[in-house]
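2 protein chains.
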Amino acid sequence: MTTEHDDPRPITVLAVDDHPLLRDGIASALSNEPDMKLVAEAADGRAGIEAYRKFHPDVTLMDLQMPGMGGLEALHIIRQEDPNARIVVLTTYKGDAQVLSALKSGACGFLLKGTLRKELRETIRAVHAGQRVIPPEVAMELAEFAGESTLSTREVQVLKGVARGNSNREIADQLSITEDTVKAHMKSILLKLGAKDRTHAVMVALKRGILEV
Amino acid sequence: MTTEHDDPRPITVLAVDDHPLLRDGIASALSNEPDMKLVAEAADGRAGIEAYRKFHPDVTLMDLQMPGMGGLEALHIIRQEDPNARIVVLTTYKGDAQVLSALKSGACGFLLKGTLRKELRETIRAVHAGQRVIPPEVAMELAEFAGESTLSTREVQVLKGVARGNSNREIADQLSITEDTVKAHMKSILLKLGAKDRTHAVMVALKRGILEV
DNA sequence: AGTAGAGCTACCCGAAAGGGTAGAACCAAG
DNA sequence: CTTGGTTCTACCCTTTCGGGTAGCTCTACT
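These protein sequence lines are chains A and B, in that order.
For any residue, its number in the numbering used here is found by taking its place in the first sequence, counting from 1, and adding 71.
For any residue, its number in the numbering used here is found by taking its place in the second sequence, counting from 1, and adding 71.
In structure tokens:
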């Protein structure tokens, strides 16, 4: 298509996604591109890590939400082993919490479900060139929750108990703390999430990617 | 690959999915297959309906969960206009309620996110031949909830109010009924869903596809 | 060393939730 | 026409929730 010269060393790409048809779509988007090459695929986080160790791709495309080890975990592990790893998160938007976690772990970019072949290729090139690519949709959602406080580890534990339908008393027993403490955490959770009650808090947490269904 | 004869009239296929890369994967799976042809694509339910009216494809691949008009709604409308429409639901599993709704609207098959190119082609051929294709994973989940009761329209309305963090009093006002009636519905909801409290009921409903996040 | 935040405990109190029980109107299917 | 399901109403009673207030450790950062 373009009159680019044939790079002697194309950008190597690893695709980690549990959806074979989507990987095919990625493969087809990268085929016939002289400056990039899909060198490996993986269907879950663990296989993704192994593939990364084996191929050390220039750019890794990583889906969140996969069976077994999720993309967030795999992203974190890969970035710990190789701080230079360039990883693009490929996902339907799952709330600010997931995106923030990915960014903290060192994600270099995001691609949403509406991504076109052209955008995919441009993002790979940009990330390989050292840029960070954050689509406006993601940036806006992120800005919206910028001032919002994050829940502490303990508060997330309490909220998970709530989502399972446990009473404060039951959660207290499970966490080996007193019911009063659980209630204190609940107050903090409702305040931080701006929720009207515990049910609403669970829904807000789901929307923001703090909890999973 | 196989020694099939070139059909004079290949199976025409319409793909409705808001993920361009996935549509590319579908397109690539159908390319080089002499007996089927992807004749149109659409990115949401409304465009899917229009494309169906225009092309009357032999088989339609329809994603659930799309922006604007969802796949379930589009499926229903298409099947009402054309009871002979053969539609395969292409989705990550979203709970028995969604699958049951799709089946009631006349879906001919299901394809999960793990679908391979080969499975996609085989499903298209089978559905075109008049068969119903339900993957074992879907069938098993369906069987698991076979005896489970479904919520009435009113109960779903109440539960949606609960998910928004409304009290029984507030839900009663919104639905213009008394609080006692709401409480009666809540009792029925908790019983039917086997939930411990309202929060748990919302979680169960989310898992079963009765509610959306 | 001081301070901010997390985590914890404790009390009171009114509001809300959930369980039990009972009955009436309506509509569709047997 | 009768039965069953849905929707609606109403009462009682106990438990749980959520708001307010207060104070305690411990760790991490400045």
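Glycine included, every Cβ here is placed at the ideal spot set by N, Cα and C.
Strand pairing of Phe-181 of chain A, partner residues [DSSP]: The partner list for Phe-181 of chain A (beta bridge, DSSP) reads A:Val-160.
Bridge-paired residues (DSSP) for Ile-82 of chain A: DSSP lists A:Met-107 as partners of Ile-82 of chain A.
Neighbour list for Pro-91 of chain A in chain B, Cβ cutoff strictly below 8 Å: Here the neighbours are Gly-96, Gly-185, Thr-186, Leu-187, Arg-188.
CB contact check: Ala-173 of chain B to chain A, cutoff 9 Å: Not closer than 9 Å to any Cβ of chain A, the Cβ of Ala-173 of chain B fails to qualify, so no.
Cα-Cα separation, Val-198 of chain A to Leu-182 of chain A: Rounded to whole angstroms, Val-198 of chain A to Leu-182 of chain A spans 12 Å at the Cα level.
Glu-219 of chain A versus Ile-149 of chain B: straight-line alpha-carbon distance, rounded: One Cα belongs to Glu-219 of chain A, the other to Ile-149 of chain B, and the distance between them is close to 43 Å.
Residue closest to Ala-111 of chain B, alpha-carbon to alpha-carbon, out of B:Glu-121, B:Ala-210, B:Leu-161, B:Asp-251: For the residues B:Glu-121, B:Ala-210, B:Leu-161, B:Asp-251, the minimum Cα distance to Ala-111 of chain B belongs to B:Glu-121.
Sequence ranges, alpha helix (DSSP H) only - wholly within the region 208–258 of chain A, length at least 4: Runs of the alpha helix (DSSP H) inside the region 208–258 of chain A: 224–234, 239–246.
With 16 other Cβ atoms within 10 Å as the buried cut-off, status of Arg-169 of chain A: According to the sequence as given, residue 169 of chain A is Gln; it is not Arg. Buried, by the Cβ-count rule.
At least 3 beta-carbon pairs within less than 8 Å: the region 244–257 of chain B vs the region 214–229 of chain A: With the cut-off at 8 Å, the region 244–257 of chain B and the region 214–229 of chain A do not touch.
Helix, strand or coil at Thr-186 of chain B according to DSSP, with G and I counted as helix: In the structure shown, the three-state DSSP call for Thr-186 of chain B is coil.
Proximal chain A residues relative to Arg-235 of chain B, where beta-carbon distance stays under 9 Å: Going along chain A in sequence order, the residues near Arg-235 of chain B (Cβ under 9 Å) are Lys-267, Thr-270, His-271, Met-274.
Alpha-carbon to alpha-carbon, Leu-146 of chain A and Ile-97 of chain A: Rounded to whole angstroms, the gap between the alpha carbons of Ile-97 of chain A and Leu-146 of chain A is 19 Å.
Presumed contact (8 Å Cβ cut-off) between Leu-286 of chain A and Pro-138 of chain A, rounded CB distance: For chain A, the structure presents residues 72 to 284; residue 286 of chain A sits outside this window and is missing.
Touch test, the region 177–193 of chain A against the region 157–165 of chain A, Cβ-Cβ under 8 Å, three pairs minimum: Yes: the two stretches touch, three or more of their Cβ pairs being nearer than 8 Å.
Beta-carbon separation (whole angstroms), Leu-92 of chain A vs Leu-191 of chain B, contact threshold 8 Å: At roughly 7 Å, the Cβ-Cβ gap stays under 8 Å, so Leu-92 of chain A and Leu-191 of chain B are in contact.
Paired residues, beta bridge with Met-133 of chain B - DSSP: In the DSSP output, where bridge partners are listed per residue, Met-133 of chain B has B:Val-87, B:Val-160.
Residue-chain proximity (Leu-191 of chain B, chain A), Cβ-Cβ < 9 Å: At least one chain A Cβ lies under 9 Å of Leu-191 of chain B.
DSSP beta-bridge partners of Val-204 of chain A: Paired residue(s): A:Gly-180.
Buried versus exposed, by CB contacts within 10 Å (16 or more), Thr-249 of chain B: Thr-249 of chain B is exposed by the Cβ-count criterion.
Beta-carbon proximity check, Gly-141 of chain A vs Gly-177 of chain A, cutoff 9 Å: Not in contact: Gly-141 of chain A and Gly-177 of chain A (Cβ atoms no closer than 9 Å).
Under 8 Å from the C-beta of Leu-277 of chain A: neighbouring residues of chain B: Contact note: Leu-277 of chain A reaches chain B through Leu-277, Val-284, using a C-beta cutoff of 8 Å and chain order.
Burial state of Met-133 of chain B, where buried means 16 or more other Cβ atoms lie within 10 Å: So Met-133 of chain B counts as buried.
Neighbour list for Ser-99 of chain A in chain B, Cβ cutoff strictly below 8 Å: Under the 8 Å cutoff, chain B gives Asp-95, Gly-96, Ala-98, Ser-99.
Which of helix, strand or coil DSSP assigns to Ala-114 of chain A: Ala-114 of chain A: coil per DSSP, three-state reduction.
Residue from B:Asn-237, B:Gly-180, B:Glu-226 whose Cα sits closest to the Cα of Lys-267 of chain A: When only C-alpha atoms are compared, the closest one is B:Asn-237.
Presumed contact (8 Å Cβ cut-off) between Ala-100 of chain B and Arg-188 of chain B, rounded CB distance: Right, the Cβ-Cβ distance comes to about 4 Å (below 8 Å), so this counts as a contact.
Outcome for Glu-104 of chain A when other beta-carbon atoms lying within 10 angstroms are tallied against a minimum of 16: Buried is the call here.
N- and C-terminal bounds of the alpha helix (DSSP H) containing Glu-127 of chain B: The residue you asked about is not Glu; residue 127 of chain B is His in the sequence shown. Careful: His-127 of chain B lies outside any alpha helix (DSSP H) and carries neither H nor E.
Sub-9 Å separation of Arg-269 of chain A and Val-227 of chain A beta-carbons: With contacts defined as CB atoms closer than 9 Å, Arg-269 of chain A and Val-227 of chain A fail to qualify as a contacting pair.
Contact set for Leu-143 of chain B: own chain, Cβ-Cβ below 8 Å, skip 5 residues either direction: Cβ neighbours of Leu-143 of chain B beyond the five flanking positions: Leu-135, Gln-169, Ser-172, Ala-173, Ser-176.
Buried versus exposed call for Val-87 of chain B [16 or more other C-beta atoms within 10 Å across all chains shown]: Per the 10 Å Cβ criterion, buried.
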